Structure formats: structure tokens, C-alpha cells
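Asker: Handing you a structure now.
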Amino acid sequence: MFTGLIQGQGEILAMHRRGGECRLTIRALFALDHIVDGESIAVNGACLSVEHHAEREFSVYASAETMSRTSLRLLSPGATVNLERALAVGDRLGGHIVSGHVDCLATVDAVEPAGESCRITLRFPPERGAEVIAKGSVTLDGVSLTVNECGPDFLTVNVIPDTQRRTTIGGWKPGVLVNMETDVIGKYVRGMLQPWQREARPAASRVTEQFLAEHGFF
Numbered sequence: 144m145f146t147g148l149i150q151g152q153g154e155i156l157a158m159h160r161r162g163g164e165c166r167l168t169i170r171a172l173f174a175l176d177h178i179v180d181g182e183s184i185a186v187n188g189a190c191l192s193v194e195h196h197a198e199r200e201f202s203v204y205a206s207a208e209t210m211s212r213t214s215l216r217l218l219s220p221g222a223t224v225n226l227e228r229a230l231a232v233g234d235r236l237g238g239h240i241v242s243g244h245v246d247c248l249a250t251v252d253a254v255e256p257a258g259e260s261c262r263i264t265l266r267f268p269p270e271r272g273a274e275v276i277a278k279g280s281v282t283l284d285g286v287s288l289t290v291n292e293c294g295p296d297f298l299t300v301n302v303i304p305d306t307q308r309r310t311t312i313g314g315w316k317p318g319v320l321v322n323m324e325t326d327v328i329g330k331y332v333r334g335m336l337q338p339w340q341r342e343a344r345p346a347a348s349r350v351t352e353q354f355l356a357e358h359g360f361f
């Protein structure tokens, strides 16, 4: 579990691809102390497990499923990524509850200045629209952000200067694909309502023209 508050950026040193899978070697560009093998680190919002580490360098394995669903497959050595270690019991939950399970890819549609901040509009698959609400939370490339406005297939966020400096968002341009995770609470609510909604649908009427004719109404 994560919070969406990025601790720093990392540089991809190597990507060893084999079929659809990939093993990544990453160097943290900040003090990333006391890493242990097996711990979870969110890389651009995707939860990955540390296999090996040495000081600020560590390697993680991304399955074919992870590579197919995230923007990690679009990266190459030299790219920078957002990093966050898993939330420890007792830590402050400064962002929102983030699982590190990417739901879809969103496309940056526009980046516009808004005072010292920037206003970013993104498009996403419409099947995720029910899980995005105005003033709710969304995770984009691992960053916890508040939704300003939204529709069935788009949302806008306001990104303050500090977030632009500390994360990869400062380099976003129209056309960039980013990992998107919707609010986990919204997903649970939607999942609980779906069976009720199916049961609440009225059953198809048995009164048809054929039924009326067979019973002497025509």
C-alpha cells in the first residue's frame, strides 16, 4: 500500500526484456536507505518487488501482465521514474490510499499554465469514468492528485510547482501516456453496487402480442 506522495525520482540503468517480461535496474536519485530484498516499491505507480539491491541501486521484475497494462513498456535506459516505498504502519497518510495496481493508461491531452501551477487535462478509457469524481483522488504515474473536473472519459488536475519539480510531471506534454489508478474506495463501492443493480432491473415482461392472442385478446 502507498500514499501517492513521491519520495524522489530514479533513473533506469538497464532493462532486460525477455518475451513480454522485463527486469529493470534502477538507481535512486535521492537518499533511499535501508532497502531490503522483497520490499515493495512503486515505480511510476506500479507496485514492484525488490529482487536485489546495492546502496541506491535495486532491481525489480515486471511480469508480462504488468508490462502490458502499464507505461513501463514504453521506457528505456536513461528515463526517469517516480519512486515511493510502501507505507509503513504508523506513517502519515498524506496523500490517499494507493494500491499500486494500475487500472489503465491515460493520455495527456493538454498542459496549460495556471498561475505558478499548471492545469493538465487527460483522457482515459470511458469504462473507468464511474470511478472518477470531482474533488476525489486519482493516482497518475504514482502521484496522488485531486480531480478538479471530470467527465466520462476525461479529467483535469492542478499541479503545484513543488510537485512539478519533485516528479516526472514537469516533463509531461500532450500525447504522453501515464499510469492511472482510480480511487480504491470508489472501486469497492462500484463492485458492491453492481450485483444490486443487476437484481434491481425489471424482469422482461411476459405479456407479448403472442401471449395476448393465445388468450383471446385479439
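The number in the working numbering is simply the position in the sequence shown, starting from 1, with 143 added.
Where a beta carbon is used, it is the ideal one built from N, C-alpha and C, also for glycine.
Computed from a predicted structure; not experimentally measured.
#1: Are the CB atoms of M210 and G163 within a distance shorter than 9 Å?
#2: Can you tell me where the alpha helix (DSSP H) holding M210 begins and where it ends?
#3: Given K330, which residues of its chain have a CB within under 6 Å of its CB, disregarding the five upstream and five downstream residues?
#4: Just confirm the distance between the C-beta atoms of R199 and R166, as a whole number of angstroms; I'd bet it's less than 8 Å.
#5: Please confirm whether A277 and L265 have their CB atoms less than 9 Å apart.
#6: So what's P220 in DSSP terms, helix, strand or just coil?
#7: Whole angstroms are fine: how far does the CA of S206 sit from the CA of V193?
#8: Alpha helix (DSSP H) containing Q307: first to last residue?
#9: Under a three-way DSSP split, which group does V251 fall into?
#10: Could you work out which residue in H177, E208, T213, D326 is closest to S287 when comparing CA atoms only?
#11: Buried or exposed for S214, please, with buried defined as at least 16 other CB atoms from any protein chain shown within 10 angstroms of its CB.
#12: If I'm right that S202 touches E324 with Cβ under 8 Å, what's the distance once you round it to whole angstroms?
#13: The beta strand (DSSP E) that contains I184, what's its start and end?
#14: Between V302 and I263, how many whole angstroms is the CB-CB distance? I'm expecting something under 8 Å.
#15: Sorted by chain position, which residues of the same chain lie with C-beta nearer than 7 Å to I178's C-beta, five sequence neighbours on each side aside?
#16: Here's the rule I'm using: 16 or more other beta-carbon atoms within 10 Å means buried, otherwise exposed. How should E255 be labelled?
#17: Using the C-alpha atoms, what's the distance from S219 back to V290?
#18: Starting from R166, follow the beta strand (DSSP E) in both directions and report where the run begins and ends.
#19: Please return the same chain residues whose Cβ sits closer than 7 Å to the Cβ of C261, not counting the five positions on each side in sequence.
#20: Determine the closest residue to E270 out of E259, D176, P295, with distance taken between C-alpha atoms.
Answerer: Looking at the atomic coordinates:
#1: By the CB criterion at 9 Å, G163 and M210 fall inside the cutoff.
#2: Counting along the chain, the alpha helix (DSSP H) containing M210 begins and ends at 207-212.
#3: Cβ within range, chain order: E274.
#4: Not really, about 18 Å apart at Cβ, beyond 8 Å.
#5: The criterion of a C-beta distance shorter than 9 Å is not satisfied by A277 and L265.
#6: Of the three classes helix, strand and coil, the one that applies to P220 here is coil, per DSSP.
#7: When rounded, the distance between both Cα atoms is 13 Å.
#8: Segment 304-309, the alpha helix (DSSP H) holding Q307.
#9: In the three-state scheme derived from DSSP, where H, G and I count as helix and E and B as strand, V251 is classed as strand.
#10: For S287, the nearest C-alpha among the options comes from D326.
#11: Taking all protein chains in view, the Cβ of S214 is crowded by 16 or more other Cβ atoms within 10 Å, so the residue is classified as buried.
#12: Taking C-beta atoms under 8 Å as the contact rule, S202 and E324 fail to qualify, at a distance of about 23 Å.
#13: Residues 183-186.
#14: The C-beta distance from V302 to I263 rounds to 6 Å, short enough to meet the 8 Å contact threshold.
#15: V193, H196, F201.
#16: Counting Cβ neighbours within 10 Å, E255 comes out exposed, since fewer than 16 surround it.
#17: Computed Cα separation, rounded: 30 Å.
#18: DSSP places R166 inside the beta strand (DSSP E), whose first and last residues are 164-171.
#19: Leaving aside the five residues that flank C261 on each side, the residues in its chain whose CB is nearer than 7 Å to its CB run, in chain order, V254, E255, V302, Q307.
#20: Ranked by Cα distance from E270, the options E259, D176, P295 are led by P295.
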